[in-house]
Every structure is written in C-alpha cells, then in structure tokens.
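Those protein sequences? They're chains L and A, same order as listed.
Counting along the first sequence from 1, when you hit position 100 you're at 102 in the numbering used here, and nothing is skipped either side.
Counting along the second sequence from 1, when you hit position 348 you're at 731 in the numbering used here, and nothing is skipped either side.
Glycine included, each C-beta is placed from N, C-alpha and C at the ideal position.
Fair warning: this is a prediction, and the values are worked out from it, not measured in the lab.
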Amino acid sequence: MAPEAVLEIIEKQFPDEVIDLVPEGVHPHAVVKPDRWHDIALFLRDDERLRFDWLRCVTGVDHIEDKIFTLVYDLHATLPAETPSGIWKVRNEIAIKVRVDRDDPHVASVADVWPAANWHEREVYDLLGVVFDGHPDLRRILCCDDWVGHPLRKDYEYPLEFHGIPAVTEFAQTRPQH
Amino acid sequence: MTEQTLTFQPDIDIDFKRDDLADLPTEEMLINMGPQHPATHGVLRVVIRTDGEMVMEAIPHIGYLHRCAEKIGENLQPYQFVPKTDRMDYLAAMNNNQAFAIAVEQLAGIEVPERGRYIRIIAAELNRIASHLVSFGTYGLDMGAFTPFLYSFREREYILDLLEALCGARLTYSYIYPGGPNHDLPEGFADKCREFLDYFEPKVDEYNDLLSFNHIFVKRTAGVGVISAERAIAYGLSGPVLRACGVRWDLRRTRPYEIYDRFDFEIPIGIEGGSDGIPAGVVPGDSWNRYFVRMLEMKQSVRIIRQALDQMPADGPVAAKNAKNAKLPKGSVYFEGENPRGQLGFYIEGDGSKIPYRVKARGPSFCNLSILTEVCRNLLIADMPAVIGSIDVVMGEVDR
C-alpha cells in the first residue's frame, strides 16, 4: 500500500488526533497527539488493512525551541511468503511521530502492543527523560542507575566529575567545540 | 523403592514419608554472569535467578560500553561521524559505514557513481564473510571446540589483508563515506579477490564437517532456545536470528537498496532436521539453525562478490563530488541496511545546516538481545552460552 493510503486510513480513524500528514519525501509520516497514542498503536497493529506487526525503531528527538519531544516510531507490516521458498515482502511502511510536551513528558507505553518497544522505550527514557506510562520495567538501560540527567537533551549539562572520576579533558573542555 | 528409602539413614533430618517429597524445596540463587565472562562476547552482564541447574529468569544488564555516539553525532558533520560508526559493530565496520552513508545520501539527495556502488557492495560483502567467520569461530569456542576458531581466523586473515589493501585499516575501516568510498580499488584487487573466493568457497564445507555436523555440537545446540517466527517479529529480531525462525526476510531482497536487485542470490532460512543431511533434532528457530544460517550466508556472499566483480564498470569516478560538505535539508530519514547481525537502522534529522540535528542508530544486536529473558526461561545454565552465542551480540553495537 502506498504511504498516502496508509495515512488516509489513520486520519479517517483518528481525525482529532492527527496534527499533520507528510506523505511525500524519503520519510513519509503522520504527526499525532500523545493522548490516544496507545489506541492508535493498537489500531495500527490490528487493523486488517494495515497490520503493522514490526516496530523497527523508536527515536526520541528534543525539539527544544518548540518545547516538545518528538518520538518517532518506525513501523513495518510484513507480508508472509505464499510458497515455502518465497521471500517475505514489506506490506506497509510508515512512521508515526508523537509530539510530547517537553515540560511534562508523559506518553503511553506500547510495550504491550509490540514487545520490541520495551527496550527502545527504556533507552528513550534513559537518554531523553520521556516517561512511558504503563511500561513494565521503566529503568535506565544504557547509563548507570545513579546517573543524573538525560544526556540527549539539548540543554544537558555535562557533569564535571562522576564518583570522583574527572570528566574534564586536558584542555579543560567539558564538551567538543567546533 | 520405598523400603530402600526407609532403610537409608541420611545425615539430615528429612521426613521421607511426606507426600510432597517431589516438591522438596530448593533454594533460589542469584548468579552474576559477566560483565567479564568469556561466553558473553564482551561486556554483557546477565543476572540469572537459578533453581538448581535451571534458569528461572535471566535479566541482561547492558551499557558497559556506552559512549553516547548519538550525542557525538549531533556535534559532527556526517563524514566526521563515519569513524564512530566503525566502532559500533566493530566486526562489520564496512556494513556500518555503508548503512550510515546511504541514510545520509537519501536525506541529502546525493547520487553515488556506478563504480562506487559496486566497490561498496564488494567491501561490505567481504566484511560480512569476515564477521560470520568470527561468529562461527567464537561459537565453537563457546561450545568447547577450540580448533574451528583457528580455521576461521586463518581465512579471516585473507579478508583483512584485502580490506587493508582497500583502506589501510584492518578493523575500523572508515572506507565508505556519504557519496562513495574514499579511494578507488588498488591495482590488482579484483584478481586477488577472485583468488580468495576460489580458495574460500570449498572451505565452508570443511567447516561444516568440522563443526556443524559434529555430534557433540549438535547435541549442545539442536532444539535449544527455540524462538517462534511470531515472537521474533514481535520483538523486532532481524538478520540470521530472524531467518533461522523460518522467515525468509532479508532487506537486500525484501526491500532492495543500493544495487542488490542486480545480483542473483538466495536467502537461507532455518530448517527442520532429519533429512538432506541435516541432523535429527534440529528445529527452526533453535540455536543450531541460527548458527547454520550464517554458514549458508557466507556462500551467498561469495556469489554476490563474484557477480559484482564481473559487472563492475572498468573505470570512472567512485565518489560523488563535494558530497562531504553537503548540507542536510530540513526533514528526517530512517534507513535500515542488512548487516551481518541484522538490520542496522539510522535515523537522521537535518535542520538545514551541515551538522545533523539528531542521529540515532538502531543496533540489530540491541533488539536481538532483548528477547534473551524470554528465551532463557526454564533453560539449563549450561545452555545459556549456546543461546547468547547463537544470537551473536557485539556489545559495541548494543551500547553504542
């Protein structure tokens, strides 16, 4: 199915939730509000026409000037091969961008819809500080448990030391300068 | 039997007449496997809750190699970020370079010259063989077979020599940049490469005799850690781990990128054992199939390189001009390439300047590892290296 058709189905089902549709370009996507994201995710997975069964990636982007976090969910719908020797195909492909308020970053977890989201959401929580409500095990995953702050935020302040280990370079820089 | 038990005088006081003797409680124990453990392939730590020899729960703890490459990517131009991609999946640096380069090219609209495309494919497929060879060798080590490791590193040495001739490095290549590779092929490379392929192809059968069909090896891996196709897709597994479950899914064919649609090759998948020389007891989705798919893929890579060498234009430019300093337009792109370990994805967002606003890498090992808790439930401790080794994680990519 072409991305236009997929986006049309989403817009028809959730007219109040969709903020923007971008069918052209290298990354066709829909921008949606966070309030009913879990319902949208269930619809994307279970609808007969869509069947998005594969969550490829969850990316969090800090749009500090717009005061939002954008969560990008890249999805695949697989089409099983008809014969045992046939090759599986991509049935549909779309990305959903969920806009979350930066001051109070809460969004529903979709770990129960796609188990793959479990670790991806933990990573976004760890590096950006977006809280996924209903996540089964929301802990830091890459940084250690007592790390302060969320490194991928654009206003992140580099720590000067960590447990007595200095984090300042020999040139007294705390971050790369270009 | 009962009489015998009653006459037996144990040191500890056990009431043998109790009905619930079968449910004799044993103590649960937490075991730390890693982060410095030979079977975890790097700095992976798995906390195992055991009951005797059984694993009740295995929780992976990752992040020991975390360098926050994504933050670095927000401060560098794409061509400066290429060396960072080398250090993600350090056994398949060429494939990482290629995936990142294609993502940038798609966003910035850069066209790569024909010859450059072929060179990229040859380099990436050579690296795929080298990566699978390490996987094969170390999996043998995990299972207690030392000899295959020596064989696999002998052949890998030839590939490293070839790649060293290409770019001067043996592990972190930084050869493929957005816009094309940064050098043309050295003189005589095609002949050397063909010579290697002729030498290497029969070796795969030798490995199969040595390890794949070895009775002990099959006993250790067949039917261990079975993953169903549905669970594999739900967890976003990819690469040989997904194909071993019987899903014929390979981005080089299902969603062709670059010029992979010009080559004729097959996608091996996991098979049921018992016929065609496949050992009995093997089922799709088990550790043996995850291992064996890689052996079959090496031969397919040989086929691709042969065809690429034949089809490649004899001369012409290899890289697009001024691609290094291209501006990234406002907008985003998500591209996934088929790496030896699965689908390496790059999300890049541009804001009109030369430096990307956001770079995100989706490591295939990261997703493949996330199923570990589910697979290792009710498994023997001794089977855990078989499962972890067959998933074939590279921690540099899990932690990025």
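{"Asked": "Within the same chain, show all residues whose beta-carbon is closer than 8 Å to that of Q683/A, passing over the 5 residues directly before and after it, in chain order.", "Found": "F648, E649, I650, P651"}
{"Asked": "Between G606/A, Y560/A, M695/A, S753/A, which has its C-alpha nearest D139/L's C-alpha?", "Found": "S753/A"}
{"Asked": "What is the rounded straight-line gap between the Cα of N672/A and the Cα of I654/A?", "Found": "7 Å"}
{"Asked": "Along chain L, which residues have their Cβ under 8 Å away from the Cβ of Y582/A?", "Found": "Simply none; closest approach about 30 Å."}
{"Asked": "Which first and last residues belong to the alpha helix (DSSP H) in which E578/A is found?", "Found": "572-590"}
{"Asked": "Determine the extent of the alpha helix (DSSP H) in which W671/A is found, giving its start and end residues.", "Found": "670-694"}
{"Asked": "Give a yes or no on whether 7 Å exceeds the smallest Cβ distance from G728/A to chain L.", "Found": "yes"}
{"Asked": "Have a look at the DSSP bridge pairing and note the partners of G563/A.", "Found": "Y560/A"}
{"Asked": "Can you give me the Cβ contacts of I616/A inside the same chain, cut-off strictly under 8 Å, excluding the 5 residues immediately before and after it?", "Found": "L625, V630"}
{"Asked": "Taking 7 Å as the CB-CB limit, is V28/L close to chain A?", "Found": "yes"}
{"Asked": "Ignore the nearest five residues each way along the sequence and tell me which others in V24/L's own chain have a CB closer than 7 Å to its CB.", "Found": "P30, H31"}
{"Asked": "So, does the stretch 93-110 of chain L touch the stretch 46-55 of chain L, judging by three or more C-beta pairs under 8 Å?", "Found": "yes"}
{"Asked": "Could you give the DSSP three-state label for L23/L: helix, strand or coil?", "Found": "strand"}
{"Asked": "Is it a yes or a no for the stretch 762-775 of chain A touching the stretch 431-447 of chain A, going by three-plus beta-carbon pairs under 8 Å?", "Found": "yes"}
{"Asked": "Of the residues A452/A, P768/A, T409/A, N478/A, which one's Cα is nearest the Cα of L129/L?", "Found": "A452/A"}
{"Asked": "Count the C-beta pairs between the stretch 496-503 of chain A and the stretch 520-535 of chain A that are closer than 8 Å, then say yes if the count reaches three, no if not.", "Found": "no"}
{"Asked": "Cα separation between L490/A and K99/L?", "Found": "18 Å"}
{"Asked": "Under three-state DSSP, which class holds M384/A?", "Found": "With a pLDDT of 49 at M384/A, under the threshold of 50, the modelled position of that residue is not reliable, and the figure given next carries that caveat. Of the three classes helix, strand and coil, the one that applies to M384/A here is coil, per DSSP."}
{"Asked": "Let me know the secondary structure DSSP gives A552/A once reduced to three states.", "Found": "coil"}
{"Asked": "Flag this pair as yes or no: are the beta carbons of R104/L and K156/L separated by less than 7 Å?", "Found": "no"}
{"Asked": "On the DSSP bridge list, what partners appear for I442/A?", "Found": "V430/A"}
{"Asked": "Note down, in chain order, each residue of its chain lying with its Cβ closer than 7 Å to the Cβ of D64/L, except the 5 sequence neighbours on either side.", "Found": "F71, L130, L154, R155, K156"}
{"Asked": "Looking at chain L, which residues of the stretch 436-457 of chain A have a Cβ within less than 7 Å of any of its Cβ atoms?", "Found": "I445, G446, H449, C451, E453, K454"}
{"Asked": "Look at the Cβ atom of R432/A, then the Cβ atom of E411/A, and state whether they are nearer than 7 Å.", "Found": "yes"}
{"Asked": "Could you check what DSSP says for W632/A in three-state terms: helix, strand or coil?", "Found": "coil"}
{"Asked": "Would you call the stretch 710-728 of chain A and the stretch 739-754 of chain A in contact, with 3 or more CB pairs under 8 Å?", "Found": "yes"}
{"Asked": "Which residues of chain L have a Cβ atom closer than 7 Å to the Cβ of L490/A, listed in chain order?", "Found": "V28"}
{"Asked": "Between Y447/A and L474/A, what straight-line distance do the alpha-carbon atoms span, to the nearest angstrom?", "Found": "18 Å"}
{"Asked": "Would you tell me roughly how many angstroms separate the C-alpha atoms of Y558/A and V487/A, rounded to the nearest one?", "Found": "15 Å"}
{"Asked": "How is the alpha helix (DSSP H) around R187/L delimited, first residue to last?", "Found": "The structure shown does not extend to residue 187/L, since chain L spans only 3 to 180, so no value can be given for it."}
{"Asked": "Report the residues of the stretch 87-109 of chain L with a CB closer than 9 Å to any CB of chain A, ordered along the chain.", "Found": "S87, G88, I89, W90, K91, V92, E95, A97, K99"}
{"Asked": "Classify E181/L as helix, strand or coil using the three-state DSSP reduction.", "Found": "Residue 181/L is absent from the structure shown; chain L starts at 3 and stops at 180."}
{"Asked": "Is the beta carbon of P531/A sitting closer than 7 Å to the one on L594/A?", "Found": "yes"}
{"Asked": "When you compare the CB positions of A507/A and T555/A, do they come within less than 7 Å of one another, or not?", "Found": "no"}
{"Asked": "Looking only at its chain, what residues have a beta carbon closer than 8 Å to the beta carbon of G714/A, apart from the 5 residues adjacent to it on each side?", "Found": "L490, E732, G733"}
{"Asked": "According to DSSP, is S715/A part of a helix, a strand, or is it coil?", "Found": "strand"}
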